[in-house]
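To keep things clear, I will list the structure first and then write my remarks on it.
Number of protein chains: 2
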Amino acid sequence: MAGAGVVAAGVGAAAGVATAGGGTDPAPTPAPVAFRGEHQAGITTPAQDRMHFVAFDVTTRSRAELVALLRDWTAMAERMTRGEEAFPDGAVGGIADAAPKDTGEALDLPAAGLTLTIGFGPGLFDDRFGLADRRPEALIDLPRFPGDDLDPRRTGGDLCVQACADDPQVAVHAIRNLARAGFGKVAVRWSQLGFGRTSSTSTTQATPRNLFGFKDGTNNLKAEDPAGLADHVWVSAADGPQWMVGGTYLVARRIRMHIETWDRAPLREQEQIIGRTKGTGAPLGQQQEFDPVDLHVKGAGGVPLIAQDAHVRLAAAESLRGAKLLRRGYNFTDGTDGLGHLDAGLFFLCFNRDTRTAFVPMQQALSSRDAMMEYIVHNGSAHFAVPPGVQDGEHWGQSLFA
Amino acid sequence: MAGAGVVAAGVGAAAGVATAGGGTDPAPTPAPVAFRGEHQAGITTPAQDRMHFVAFDVTTRSRAELVALLRDWTAMAERMTRGEEAFPDGAVGGIADAAPKDTGEALDLPAAGLTLTIGFGPGLFDDRFGLADRRPEALIDLPRFPGDDLDPRRTGGDLCVQACADDPQVAVHAIRNLARAGFGKVAVRWSQLGFGRTSSTSTTQATPRNLFGFKDGTNNLKAEDPAGLADHVWVSAADGPQWMVGGTYLVARRIRMHIETWDRAPLREQEQIIGRTKGTGAPLGQQQEFDPVDLHVKGAGGVPLIAQDAHVRLAAAESLRGAKLLRRGYNFTDGTDGLGHLDAGLFFLCFNRDTRTAFVPMQQALSSRDAMMEYIVHNGSAHFAVPPGVQDGEHWGQSLFA
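Sequence order for the protein chains is L and C. Each step along the first sequence adds one to the number in the UniProt record's numbering, with nothing skipped, and position 136 is 136. Each step along the second sequence adds one to the number in the UniProt record's numbering, with nothing skipped, and position 117 is 117.
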């Protein structure tokens, strides 16, 4: 947390810090998040407020070119997460007759807690790059879930990069510069902006609300629970493959919420669907947000207070043979649906140690029985193997291509 | 500025304040922006960091129903700009068997500098509501400009509401609740999220950068220049019509930037296109960002340092018979274009006293001759009459419908 109290005079307004009402108060600039380590940053890092997520198709057929890109990306990413330009003096310090090596829109901005997290999709493990025998068994092609209405333009991808930051301009700048460096080797397949986090990944964070108005992520795995993370998030040596040890699997789902319909549901029904009270976020039958969910409390007539089809019941580890995952979702609003409504919802991101035994059974339970399904539709989906963190001198994908 | 130093414990993380790196530092919560006054808020208000803009089609044919909606919206808007719910105790304080009157996702959030600004489009002045003879002459149907490639799904609208706030969740919540209250009377025609401001509307603000990486809005009219605002922004009694006195005209343009092409242009060319240096933002031939633009400085061989087709030259008041406007633009990134690129750009908003003599000649000059046109395309456009501020007891549109 060193530096968290340091004031960066003059950058407050541009750094996404509240300055309305003519505010000129500089605000604390958080310390950059370390890029290297045992695990990639951006997973258990306390969830930043904003996100830009991109999925790429790899267009080059050259393994060497792909590896070189991953090497270049690593250096760029490390610099940008320190609050530096993608290339040293890249925006304005180069030759006037050459295109700047950094696009410049984050020049005056601090790191803003930027993390960049890479993942490898199933498509990378075909016959193009000699990786067919390195595909993790856990990196399955996701099954079709009941109610899925997947848009191919929001689905899949050979590579992904998740950029999270407290200033959206910093996240967008990072994705843009990586995309730019990949010109001719990768093409943007889809991208998603998330304007507000809907998960807490640390006990230091207040629980945010999703666009149903409910607190989301109360029961999430947290950074302060290393045993839980070891059990449910990080790939172990016993799991294999070796190149994934210390990594995890990322599932991204674009969940359109039919907010207009939801908004017509009575408060009681909303709370029964979720299984929590809307105000405090307490589980039904409890008093406080962080009181444990008790699925066995009964109300009048012996009926469970938390309904059989309530979201918290179906998603509870108790209902899923102990399965848990780490969520890192973001609210989105992408214009309109052309039918007079906002196109809004939740960009669901989760990290799990084995998607086959965590996300898949959870989503099968939810998509089959969750009362919430009446109000949502999953219209984008992707699955990525997120390799472990890079050590000094290593680059993204080093363990995979070694 | 009263209250600008007040700390709202516990809401920092949810309020869009930088908290990465585990930061738990509460940050200053700016005072709410006054909703009522001579002019609407959200015009000269120091530009907040985030924006959600919506254009509605009016679907009711009843004038009385429309006026009633404007009255309801006014009360909701005033409450929300104070950081309150759209309706008192609207989210969780109502009857359990009724739909909550507020959607709840901003329950724990402060006002975040929220402003809500309404405008009336040309379409409102047809024969549906008896307003045909009240249409201001200045509320023209915008001409087609060279290079326009307008998408009808991003163009026009009978009504608009601009929500600006330092927390995007607060802006989205406001638009959503207004849209909800309008169900059956209005339908969302289009909406646009802006993730980062690209204009300063106050001398207290640092100049932000657009997605070309350049400082934008240096020469903008500022809140601290009432004479300039009177000359260029506010409709006077002499201008008429009476119901618009103290109001202004809003032009919205969705400007897609071909950032991939721009990023391949040499630094010198980028600076010549803009007419400023990229690093400091100083006009070419000057030293500091706020040095006056001098269109007459010549370099080697007597060639003007600021080229004939440079953006700052064409947009300068000196080149436009003194015309100026107040800009309030936002960067956007809306996924992808389906061709391997990010769909990114600038959502241009401006306010002017008479669009016929300010925005239109400026845009004609730019779209005809601006070297920047090679890198942008305007694909959305709308024009609205923004009525004056509401006084105590008044509602939005009161002067129009009186």
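Idealized CB from N, CA, C, for every residue including glycine.
What does residue i reach in chain L if we use C-beta pairs closer than 8 Å?
i        : result
C/ASP190 : Sequence inspection shows Trp at residue 190 of chain C; the Asp mentioned does not correspond to that position. Within 8 Å Cβ-Cβ: GLY335, THR336.
C/PHE161 : The sequence given here has Val at residue 161 of chain C, not Phe. Ordered by position in chain L, no residue passes the 8 Å Cβ test against C/VAL161, which lies about 12 Å from the chain.
C/VAL92  : LEU267, THR277, LYS278, GLY279
C/ASN379 : Those do not exist, as C/ASN379 stays about 12 Å from chain L at its closest Cβ, beyond 8 Å.
C/GLU105 : ARG209, ASN210, LEU211, PHE212, GLY213, ASN331
C/ILE274 : In chain order: nothing, as chain L lies at least about 11 Å away.
C/ILE118 : Within chain L, no residue comes near C/ILE118; the closest Cβ sits about 18 Å away, beyond 8 Å.
Using the beta-carbon count (16 or more within 10 Å), is residue i buried or exposed?
i                      : result
L/ASP216               : buried
L/ILE255               : buried
C/THR261               : exposed
L/ILE175               : buried
L/ILE274               : buried
C/GLN270               : buried
residue 439 of chain L : No information on residue 439 of chain L is available, as it lies outside the stretch 1 to 402 that chain L covers here.
C/GLY301               : exposed
L/PRO208               : buried
C/LYS298               : exposed
C/LEU400               : buried
C/ALA241               : Here the sequence assigns Pro to residue 241 of chain C, which means Ala is not the residue at that position. When all chains shown are included, C/PRO241 counts as buried.
C/GLY184               : exposed
L/HIS296               : exposed
L/VAL303               : exposed
C/GLN286               : buried
L/ALA344               : buried
L/GLY22                : Low confidence applies to L/GLY22: its pLDDT is 36, below 50, so where it sits in the model is not reliable, and the reading given next is rough at best. Burial call: buried.
L/ARG268               : exposed
C/GLY353               : According to the sequence shown, residue 353 of chain C is Arg rather than Gly. The residue is buried, with at least 16 neighbouring Cβ atoms inside 10 Å.
L/LEU150               : buried
C/LEU339               : exposed
So with CB distances below 7 Å, who are the chain C contacts of residue i?
i        : result
L/PRO97  : A quick correction: the sequence has Asp, not Pro, at residue 97 of chain L. Ordered by position in chain C, the residues that pass the 7 Å Cβ test against L/ASP97 are PRO266, ARG268.
L/PRO152 : Correct list: empty, because the minimum Cβ distance to chain C is about 11 Å.
L/ASN331 : GLN169
L/ALA179 : LEU342
L/ASP263 : ALA99, THR103, ARG180
Using the C-alpha atoms, what's the distance from residue j back to residue i?
i        : j        : result
L/GLU105 : C/ASN331 : 10 Å
C/VAL386 : C/TRP234 : 10 Å
L/GLY329 : C/LEU346 : 26 Å
L/GLY130 : L/ARG63  : 8 Å
L/LEU142 : L/ASP167 : 32 Å
C/MET362 : C/SER368 : 10 Å
L/GLY90  : C/LYS324 : 34 Å
C/ASP231 : C/ALA99  : 48 Å
C/HIS311 : C/GLN162 : 27 Å
C/ALA282 : C/GLN391 : 41 Å
L/GLU137 : C/THR74  : 57 Å
C/SER236 : C/ALA227 : 13 Å
L/VAL54  : C/ALA132 : 48 Å
C/THR355 : C/LEU250 : 8 Å
C/GLY119 : C/GLY389 : 11 Å
L/LEU342 : L/PHE56  : 27 Å
L/VAL7   : C/HIS395 : Low local confidence applies: a pLDDT of 30 at L/VAL7 is under 50, so the model's placement there is unreliable, with the coordinate-based value given in what follows. In a straight line, the C-alpha of L/VAL7 is about 42 Å away from that of C/HIS395.
L/TYR375 : C/PHE145 : 42 Å
L/LEU159 : L/GLN288 : 41 Å
C/MET76  : C/CYS350 : 25 Å
L/LEU107 : L/THR248 : 33 Å
Give the interface partners of residue i over in chain C, defined as CB-CB distance under 8 Å, in chain order.
i        : result
L/PHE195 : ARG50, PRO168, GLN169, VAL172, LEU193, PHE195
Which residues in chain L sit within 9 Å of residue i, going by Cβ to Cβ distance?
i        : result
C/ASP108 : ALA206, THR207, PRO208, ARG209, LYS215
C/ARG36  : In chain order: nothing, as chain L lies at least about 16 Å away.
By the criterion of Cβ-Cβ separation under 7 Å, what are the contact partners of residue i in chain L?
i        : result
C/PRO388 : Simply none; closest approach about 21 Å.
C/ALA187 : GLY340
List the residues of chain C that residue i touches, going by C-beta distances under 9 Å, in chain order.
i        : result
L/ARG128 : Going along chain C, no residue has its Cβ under 9 Å from L/ARG128, so there is no contact; the nearest lies around 18 Å.
Cβ pair count under 8 Å reaching 3, the region 35-47 of chain C against the region 193-202 of chain C: With three or more CB-CB distances shorter than 8 Å, the region 35-47 of chain C counts as touching the region 193-202 of chain C.
What runs of the alpha helix (DSSP H), each 4 residues or longer, lie entirely inside the UniProt domain "Dyp-type peroxidase N-terminal" (40-195) of chain L? Correct list: 63-81, 168-181.
Using 8 Å as the Cβ pair cut-off and three pairs as the minimum, do the region 372-390 of chain L and the region 137-154 of chain L touch? yes
Contact between the region 111-118 of chain L and the region 150-158 of chain L: three or more CB pairs below 8 Å? no
Residue ranges of each alpha helix (DSSP H) run of no fewer than 4 residues wholly in the region 229-284 of chain L, ordered along the chain? 259-262, 267-274
Say whether the region 57-77 of chain L touches the region 276-283 of chain L, bearing in mind that this needs 3 or more beta-carbon pairs closer than 8 Å, one atom from each stretch. no
Enumerate, from N- to C-terminal direction, the unbroken beta strand (DSSP E) stretches of 3 or more residues contained entirely within the region 286-317 of chain L. none
Contiguous alpha helix (DSSP H) assignments of at least 4 residues, all confined to the region 319-392 of chain C: As for any alpha helix (DSSP H) of minimum length 4 sitting wholly inside the region 319-392 of chain C, the runs are 359-369, ordered along the chain.
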